[in-house]
Amino acid sequence: MRTGLILTSLLAGLFFAPAYAADSLLDVYREAQEADPVLRQAQASLGASRELGPQARAALLPSLSLTGSAEHVDQDESDFTSSRIALQLSQPIFRYGSFILQRQATALINQAETEYVAAEQALMLRVTEHYLPFYRQRTR
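Below is the structure:
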C-alpha cells in the first residue's frame, strides 16, 4: 500500500513537474532586463553618451573641404567653359576648447556607464526581492 502511494506520488510529480517548475532567478532576471523601462532608459542614455567621444575627438582632427564650380559662357563670337576646383585642409595648432570638450565627453561617458551599472544592480535587487518570496512559497 505504501509503495503504491509513493509510486503514485512520484508519477504525479513527474507528470506535473513541467507545470510546477517555474523560471529560475536567472531566467526571470533576463526577462526583466528586456522589459524594464529604467534599464532601457539607462541603456539609451549610455548609447547617446558614447557618441560624445567620437564627436569630441573630431573637433581635434583636421578639416578638409572640397568645393567646385563650372561655368559655360556662350557669346556670339566665342564659347568657353571654365571650371574651378578648390581643396582646403585646415588644422588649428591649438584649440583649448576642444581639449575641454574631450574631457567633458569622457566624464559624461563615465557617468552614464556608472548610472547604467547602478540601474542594472537596482534591477537585480528588485527581481531578487520579488522572486525570493515566491520561491519560498513554492518550495514549502
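When the letters of the sequence shown are read in order and numbered with mature numbering (1 follows the signal peptide of the UniProt record, and there is no 0), they come out as residues -21 to -1, 1 to 119.
Don't be surprised by glycine CBs; every beta carbon is placed ideally from N, CA and C.
Just so it is clear, the structure is predicted and the values come from calculations on it, not from any experiment.
The beta carbon of residue 92 is closer than 7 Å to those of 25 in its chain, skipping five residues each way along the sequence. Counting along the chain, residue 30 sits inside no alpha helix (DSSP H), nor does DSSP assign it H or E at all. In this structure, 31 is the residue among 27, 2 and 31 with its C-alpha nearest to the C-alpha of residue 84. Residue 78: not part of any beta strand (DSSP E); member of the alpha helix (DSSP H) spanning 75 to 118, first to last residue.
Scanning 10, 53 and 62 for the CA closest to the CA of residue 46 turns up 62. Here residue 106 is near residue 8, since their CB atoms are less than 8 Å apart. Per DSSP, reduced to three states, the secondary structure at residue 4 is helical. The region 51 to 58 makes no contact with the region 9 to 28: fewer than 3 CB pairs, one atom from each, lie closer than 8 Å. The Cβ-Cβ distance between residue 35 and residue 80 falls below 8 Å. Scanning 43, 2 and 13 for the CA closest to the CA of residue 68 turns up 43.
Using a 10 angstroms sphere on the CB of residue 65, the tally of other CB atoms stays under 16, which defines it as exposed.
Between residue 102 and residue 11, the gap from beta carbon to beta carbon is short of 8 Å.
In the structure shown, the three-state DSSP call for residue 56 is coil.
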